[in-house]
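Working notes, beginning with the structure itself.
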Amino acid sequence: MSIGGKPVLSLREAVGRYVPDGQEVMIGGFAFSDPTAFAHEVIRQGRRGLTVIKTSGGVLVDQLVGAGCVDRLLSCHVWNSVGPVPAHCFRRAVERGRPNAIAVEEMSYGALSMALLAGACDLPFMPTTPVQGAGHFTQRTFRPDKMAVVASPFGGQPVTVVSPLKPALGVFHVHRVDRFGNAQMLGPTGEMRFAMAACRRLLVVAEELVDTRVIRERPELTAAPGFMVEAIVVEPWAAHPSDSYGYYYRDLAHHALYGEMSATEEGFRRYLEEWVFAAGDHAGFVRKLGDARARDLMARSEPWW
Amino acid sequence: MVVMQASRFERMLLTGARCIADGQVLFVGFHWPMLMVRVARRLHAPNLVVLYENGIVEDHLTRVLPTSPCDLVAAEGAPMCAGSLESLYMWLGAGRVDMTLLEAPIVDRYGNVNTSVVGEYGRPKVRLPGSGGGTELASLGRGLMLVSASTNPRSYPGRVDYITSPGYLGGGGDRQRLGYKPGTGPQCLVNPLGLFRFDAGGEMYAASLHPGVTLDEVRASFGWPIRVGEAVGLLPEPTRDELAAVREELRLARERAYLLPEA
Numbered sequence: 003m004s005i006g007g008k009p010v011l012s013l014r015e016a017v018g019r020y021v022p023d024g025q026e027v028m029i030g031g032f033a034f035s036d037p038t039a040f041a042h043e044v045i046r047q048g049r050r051g052l053t054v055i056k057t058s059g060g061v062l063v064d065q066l067v068g069a070g071c072v073d074r075l076l077s078c079h080v081w082n083s084v085g086p087v088p089a090h091c092f093r094r095a096v097e098r099g100r101p102n103a104i105a106v107e108e109m110s111y112g113a114l115s116m117a118l119l120a121g122a123c124d125l126p127f128m129p130t131t132p133v134q135g136a137g138h139f140t141q142r143t144f145r146p147d148k149m150a151v152v153a154s155p156f157g158g159q160p161v162t163v164v165s166p167l168k169p170a171l172g173v174f175h176v177h178r179v180d181r182f183g184n185a186q187m188l189g190p191t192g193e194m195r196f197a198m199a200a201c202r203r204l205l206v207v208a209e210e211l212v213d214t215r216v217i218r219e220r221p222e223l224t225a226a227p228g229f230m231v232e233a234i235v236v237e238p239w240a241a242h243p244s245d246s247y248g249y250y251y252r253d254l255a256h257h258a259l260y261g262e263m264s265a266t267e268e269g270f271r272r273y274l275e276e277w278v279f280a281a282g283d284h285a286g287f288v289r290k291l292g293d294a295r296a297r298d299l300m301a302r303s304e305p306w307w
Numbered sequence: 240m241v242v243m244q245a246s247r248f249e250r251m252l253l254t255g256a257r258c259i260a261d262g263q264v265l266f267v268g269f270h271w272p273m274l275m276v277r278v279a280r281r282l283h284a285p286n287l288v289v290l291y292e293n294g295i296v297e298d299h300l301t302r303v304l305p306t307s308p309c310d311l312v313a314a315e316g317a318p319m320c321a322g323s324l325e326s327l328y329m330w331l332g333a334g335r336v337d338m339t340l341l342e343a344p345i346v347d348r349y350g351n352v353n354t355s356v357v358g359e360y361g362r363p364k365v366r367l368p369g370s371g372g373g374t375e376l377a378s379l380g381r382g383l384m385l386v387s388a389s390t391n392p393r394s395y396p397g398r399v400d401y402i403t404s405p406g407y408l409g410g411g412g413d414r415q416r417l418g419y420k421p422g423t424g425p426q427c428l429v430n431p432l433g434l435f436r437f438d439a440g441g442e443m444y445a446a447s448l449h450p451g452v453t454l455d456e457v458r459a460s461f462g463w464p465i466r467v468g469e470a471v472g473l474l475p476e477p478t479r480d481e482l483a484a485v486r487e488e489l490r491l492a493r494e495r496a497y498l499l500p501e502a
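If you're matching them up, the sequences are chains Y and C in order. The first sequence begins at 3 in my numbering and counts up one residue at a time. The second sequence begins at 240 in my numbering and counts up one residue at a time.
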């Protein structure tokens with residue numbers, strides 16, 4: 003850990019350096035701040051056998067699963083929340099093993115939040131609220147020790163506890179970052195503050211790189227201090243089609259487009275060809291989206307500071 | 240102007256909205272519950288505080304209708320944007336919520352909700368999204384109202400294949416025995432047929448029906464022989480203002496890519 007400047011990588015470099023086949027990676031975002039640009043680069047580089055941890059799977063996880071990048075998935079839910087319509091690739095993988103079968107481990111959002119908090123604090127477990135009787139308490143796939151019920155040392159009812167989760171790598175979308183890696187999030191933060199702290203290594207994908215004075219004017223917005231951040235990627239529109247609070251809104255039309263195209267395997271392949279491979283990189287994706295569309299989605303035209 | 244008769248789906252939204260009292264603190268899950276809250280705000284409950292699992296506190300009718308709690312138009316003008324520890328544990332779990340609204344597309348005799356898998360877990364016939372915070376809404380939420388837009392008996396099996404959000408589990412004292420707090424567990428279910436409640440043993444029964452709904456229709460919609468309350472009530476017809484509020488919200492929802500039922 004250091005307080006010096008952090009390497010600023012392109013997405014291509016970051017995926018090449020940090021995400022080999024078989025990597026365990028927690029991807030940030032809770033149906034907002036989903037770093038879709040990162041997932042697209044993983045798909046372009048043809049990664050296989052990943053263990054993906056993501057609280058709200060959404061379109062991002064659906065695409066990674068459909069592209070055959072994922073072997074194991076720990077998540078709270080996977081869907082396309084506009085409509086809503088199913089996450090078609092996720093369904094095909096679980097129901098029919100297409101393009102490959104995946105192992106799914108499930109926890110509710112509250113339980114997974116506590117597991118990440120335990121990991122972040124390096125505690126042996128965290129108590130949570132009762133979940134016995136629920137399917138994801140009984141059903142264990144690749145984390146057989148995810149939860150247990152213990153007697154309370156202080157009397158009263160038995161207590162459900164969750165084991166700590168410390169993802170080997172975290173990749174999180176943030177709004178702005180300085181060259182020291184001090185990374186700020188605006189708006190709701192879901193589990194992000196402690197999930198970033200739970201990860202053993204942390205990369206941030208920021209909408210913009212700002213002067214450190216901007217960060218220091220509002221230090222309470224820093225969700226990950228620089229000493230926890232290993233490298234920085236700066237990628238505008240990285241969270242599209244999800245929201246990036248204060249930068250741009252959820253792109254409903256793109257969610258709908260993806261929902262329609264991904265309904266068949268052939269359509270999903272066309273989506274990848276048009277929006278991921280042919281685009282070349284995320285700047286190409288944004289160019290394809292077009293200026294007019296981007297202006298419609300922008301939350302503001304002036305910078306925050 | 241001729242006011243078209245309310246559809247049963249519209250009646251469902253209104254019946255849910257009427258269950259919300261002004262001044263309450265609500266914890267709201269995605270989809271139809273969000274529309275019910277907006278209808279209530281337009282009609283009789285302008286002073287609601289709505290909490291979402293992502294940490295947003297929403298204390299007014301937002302200018303733009305959110306497609307889900309994580310559609311951040313929900314955060315516009317918010318008095319607080321926090322995170323999941325605040326929302327699920329400090330607010331919902333700590334009992335600071337008067338009423339909790341959860342969509343229940345598949346729900347059984349004891350109010351257990353399945354949003355995970357139909358069929359065997361390892362080889363499901365249909366894979367659904369999973370829990371999200373739905374488990375916490377059902378396990379921790381006070382004044383829990385379930386909402387289902389379905390009247391298909393497949394949406395109301397005797398026992399769900401998978402319990403995503405625990406209701407009264409096997410009925411009787413199951414819930415209490417496993418350490419769930421008193422005051423939690425589903426209080427009612429609202430669907431296009433009317434309002435359903437749960438008896439002391441945790442079993443669902445028909446309490447009040449929308450006008451024109453027959454008992455035979457009710458029985459045919461459930462996968463178990465559902466009990467009809469001894470004095471099953473009749474829910475009031477919507478007023479012109481109520482129906483206008485529901486239709487305005489549905490118009491906005493359609494603009495925001497909501498998939499709406501035909502009728």
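The beta-carbon is built from N, C-alpha and C at its ideal position, and this holds for glycine as well.
- Ranked by how close their Cα comes to the Cα of R247 (chain C), the residues C:A496, C:E476 and C:E494 have C:E476 in first place.
- Counting along the chain, the unbroken beta strand (DSSP E) around C427 (chain C) starts and ends at P425 to N430.
- Membership of M263 (chain Y) in any beta strand (DSSP E) is not indicated; the residue belongs instead to the alpha helix (DSSP H) covering L254 to M263.
- Residues of chain C with a Cβ closer than 9 angstroms to the Cβ of S77 (chain Y) are, in chain order, G369.
- At least one beta carbon of chain Y lies nearer than 9 angstroms to the beta carbon of N351 (chain C).
- Approximately 7 angstroms separates the beta-carbon atoms of A33 (chain Y) and S307 (chain C); this is inside 8 angstroms, confirming the contact.
- Among the residues of chain Y, those whose CB is under 8 angstroms from the CB of H270 (chain C) are P86, following chain order.
- Per DSSP, the continuous beta strand (DSSP E) segment holding A105 (chain Y) begins and ends at A105 to E108.
- In this structure R295 (chain Y) does not touch L311 (chain C) by the C-beta definition: roughly 18 angstroms separates them, more than the 8 angstroms allowed.
- Of all residues in the region 234 to 249 of chain Y, the ones placed with a Cβ closer than 9 angstroms to any Cβ belonging to chain C are S244, D245, S246, Y247 and G248, in chain order.
- Of all residues in the region 255 to 266 of chain C, none places a beta-carbon less than 8 angstroms from a beta-carbon of chain Y.
- If you draw a straight line from the Cα of S389 (chain C) to the Cα of R348 (chain C), it comes to about 15 angstroms.
- In terms of Cβ geometry, P363 (chain C) and G462 (chain C) do not form a close pair [threshold 9 angstroms].
- Around G422 (chain C), the same chain offers R381 as residues with beta carbons nearer than 7 angstroms, after the five sequence neighbours per side are excluded.
- By the criterion of a C-beta distance shorter than 7 angstroms, M251 (chain C) is surrounded in its chain by A388, V429, N430 and P431, once the five residues flanking it on both sides are discounted.
- With respect to the 9 angstroms criterion, P190 (chain Y) and G418 (chain C) are not classified as neighbours on the basis of their beta carbons.
- In the same chain as D23 (chain Y), and ignoring 5 residues on each side of it, the C-beta atoms closer than 7 angstroms to its own belong to R49, R50 and G51, in chain order.
- For the options Y:L119, Y:A136, Y:H138 and Y:G135, the alpha carbon positioned closest to that of P129 (chain Y) is the one of Y:L119.
- Per DSSP, R493 (chain C) is one residue of the alpha helix (DSSP H) stretching across R479 to E494.
- Taking C-beta atoms under 8 angstroms as the contact rule, R178 (chain Y) and Q186 (chain Y) qualify, at a distance of about 5 angstroms.
- Taking C-beta atoms as the reference points, V278 (chain C) and A496 (chain C) fail to come closer than 9 angstroms.
- Nearest CB-CB separation between M149 (chain Y) and chain C: not below the 9 angstroms threshold.
- At a cut-off of 4 residues, the continuous stretches assigned as alpha helix (DSSP H) that sit fully inside the region 390 to 422 of chain C are 413 to 416.
- Per the C-alpha coordinates, the member of C:V267, C:L290, C:G397 and C:E315 positioned closest to L340 (chain C) is C:V267.
- Around L75 (chain Y), the same chain offers V54, I104 and V106 as residues with beta carbons nearer than 6 angstroms, after the five sequence neighbours per side are excluded.
- When only Cα atoms are considered, M329 (chain C) and R335 (chain C) end up about 8 angstroms apart.
- In this structure, L379 (chain C) and S404 (chain C) do not form a Cβ contact; the two beta carbons are roughly 10 angstroms apart against a cut-off of 8 angstroms.
- When 9 angstroms is used as the limit between beta carbons, Y251 (chain Y) is near these residues of chain C: V303, D310, L311 and V312, in chain order.
- Of the residues assessed, Q244 (chain C) falls on the exposed side of the cut-off, its CB having fewer than 16 other CB atoms within 10 angstroms.
- The three-state reading of DSSP puts C309 (chain C) in coil, since its state is none of H, G, I, E or B.
- Comparing alpha carbon positions, the residue from C:C309, C:G262, C:Y291 and C:E315 closest to T301 (chain C) is C:E315.
- Around L291 (chain Y), the same chain offers no residue with a beta carbon nearer than 6 angstroms, after the five sequence neighbours per side are excluded.
- Collapsing the DSSP output to three states places M243 (chain C) in coil.
- With contacts defined by Cβ atoms closer than 9 angstroms, L11 (chain Y) and T38 (chain Y) do not form a contacting pair.
- Under a criterion of Cβ atoms nearer than 7 angstroms, the residues of chain C adjacent to F32 (chain Y) are, in order, N293 and C309.
- Interface criterion not met: the Cβ of E481 (chain C) is under 9 angstroms from no Cβ in chain Y.
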